[in-house]
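There are 2 protein chains.
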Amino acid sequence: MMFSKACEYGIRAAVYITLQSLEGRRVSVTEIAEEIDSPVAFTAKILQQLTRNNIVHSVKGPTGGFEIDREDMDDVKLNMIVKAIDGDKIYVGCGLGLKECNANKPCPLHDKFVDIRTNLRTMLQSTSLYELATGLEVGLTYLKR
Amino acid sequence: MMFSKACEYGIRAAVYITLQSLEGRRVSVTEIAEEIDSPVAFTAKILQQLTRNNIVHSVKGPTGGFEIDREDMDDVKLNMIVKAIDGDKIYVGCGLGLKECNANKPCPLHDKFVDIRTNLRTMLQSTSLYELATGLEVGLTYLKR
DNA sequence: TATAATTCGGATAAAATTGTCCTTTATTTA
DNA sequence: TAAATAAAGGACAATTTTATCCGAATTATA
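Line order of the protein sequences matches chains P and B.
Position 120, counted from 1, in the first sequence is what my numbering calls 111; the numbers after and before it change by one each time, with no gaps.
Position 15, counted from 1, in the second sequence is what my numbering calls 6; the numbers after and before it change by one each time, with no gaps.
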């Protein structure tokens, strides 16, 4: 609706890893994909991106998998995940797709979009993985289906 | 950023047609595509959709082209164009792509998205083609580049 | 009535996104 | 040290979106 599939899977995966890391569990791609209901191999690719961007931490070999440091659960905000996967088009782009659209030379929708975009950015910048995972833990929110 | 390319072109085209119809001019796809800086043939397809949805009016043959009735300039709101081209996924979908995500069984981002989506919907439902075209007329806004 | 201009609509192509598969590399443990 | 397990990464396939092309239908006008 707003993000690419890749980004959606990325967020869901990161939240699930956070939830499990809170319990001290390291999780495999297989388990992640099962739990967030996403294609395994594709999810693996996305996790590689998150790993390269230091958003999650990966460990190879038996007992390996993905985890997130307690500290990072607070420090990693959604905007970092979105940026790592979808780039910054959400922040930069014009609602009507114009290359040069800004306050000086605005498209007809520019001003109307400013608020919406600002709200979105603020939300993404202020929402941490920890916050999202704890909602899950309490059973208030869900990641599947 | 938020809409598909098709939808972006559709909105830009409709606004341009409105602007010209205000001057009593009927415009061809060629002119439209030139003025809004979009691929001609693709734009033609999108205009067909807008025509079928009674958002713009088309006339075949020489002196033919696209136009919008003065009345429709006020009645046609952006949400009608978005719906005609992108469907209602903007309104319906879950931010994280979950099939069953609602207030009863919300995804971790559900509540955070409700506001943003509501703002967007309100904006689209209340913005008319006439309003957008007048900004262009006065030279306050732009459709190109 | 013939011609030219224009939209309509179908078929197809190109590009981007989504998704799969398989080999390599690192690491644990028996 | 050998075997087994898991992520990394490259090549490829399927699907969706974006884009082009061309003949058919419509209509103004010479």
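All C-beta atoms in this analysis are idealised placements derived from N, C-alpha and C, irrespective of residue type, glycine included.
Just so you know, the alpha carbons of Lys103 (chain P) and Arg112 (chain B) end up roughly 12 angstroms apart. By alpha-carbon distance to Asn70 (chain P), the top candidate from P:Ala24, P:Asn110 and P:Tyr7 is P:Asn110. Neighbours of Val6 (chain P) across chain B, judged by C-beta separation under 8 angstroms: Pro99. When the Cα atoms are used, Ser119 (chain P) and Pro30 (chain P) turn out to be separated by approximately 25 angstroms. DSSP places Glu58 (chain B) inside the beta strand (DSSP E), whose first and last residues are Gly56 to Glu58.
If you draw a straight line from the Cα of Ser12 (chain B) to the Cα of Ile23 (chain B), it comes to about 12 angstroms.
Scanning its chain for C-beta atoms nearer than 8 angstroms, with the 5 sequence neighbours on each side dropped, one finds around Leu10 (chain P) the residues Ala124, Leu127 and Glu128, in chain order. Not flagged as an interface residue toward chain B: Phe33 (chain P), since no C-beta distance is shorter than 9 angstroms. Going by C-alpha positions, Cys92 (chain P) is about 13 angstroms away from Ile27 (chain B). Contact of Tyr121 (chain B) with chain P is not assigned, every C-beta pair being separated by 9 angstroms or more. When 8 angstroms is used as the limit between beta carbons, Arg112 (chain B) is near no residue of chain P, the shortest such separation being about 10 angstroms.
A contact between stretches requires three or more CB pairs, one per stretch, nearer than 8 angstroms, and the region 72 to 84 of chain P meets this requirement with the region 35 to 45 of chain P.
Interface annotation, Phe57 (chain B): not in contact with chain P, CB-CB separation never under 9 angstroms. Per DSSP, His101 (chain B) has no beta bridge partner at all. Rounded to whole angstroms, the Cβ separation of Val18 (chain B) and Phe57 (chain B) is 6 angstroms, and the two are in contact under 8 angstroms.
Here Arg16 (chain P) is exposed, its C-beta having fewer than 16 other C-beta atoms within 10 Å.
Within 7 angstroms of the CB of Lys74 (chain P), no CB atom of chain B is found; the nearest one sits about 14 angstroms away. For Ile2 (chain P), the chain B residues whose Cβ falls inside 7 angstroms of its Cβ are Leu87, in order along the chain. Under a criterion of Cβ atoms nearer than 8 angstroms, the residues of chain B adjacent to Leu127 (chain P) are, in order, Pro99. In this structure, the straight-line span from the alpha carbon of Ala5 (chain B) to that of Ile107 (chain B) is close to 25 angstroms. Taking 9 angstroms as the cut-off, the beta carbon of Cys98 (chain B) is found closer than this to the beta carbon of Tyr133 (chain P).
With contacts defined as CB atoms closer than 9 angstroms, Tyr0 (chain B) and Gly88 (chain P) qualify as a contacting pair. Contacts with chain B at 9 angstroms (Cβ-Cβ) do not include Leu38 (chain P).
By a beta-carbon distance limit of 8 angstroms, Gly84 (chain B) does not contact Leu100 (chain B). Their separation comes to about 12 angstroms.
Here DSSP, grouped into helix, strand and coil, assigns Ser117 (chain B) to helix. Looking only at P:Asp60, P:Val67 and P:Val20, the smallest Cα-Cα distance to Pro53 (chain P) is reached by P:Val20.
It is roughly 35 angstroms from the alpha-carbon of Ile46 (chain P) to the alpha-carbon of Met114 (chain B). Neighbours of Lys80 (chain P) in chain B, taken as residues at a C-beta separation under 7 angstroms, are given in chain order as Met(-8). Non-local beta-carbon contacts of Asn44 (chain B) in its own chain, meaning distances under 6 angstroms to residues more than five positions away in sequence, involve Ala75 in chain order. About 7 angstroms separates the beta carbons of His48 (chain B) and Asp60 (chain B), which is inside the 8 angstroms limit, making them a contact pair.
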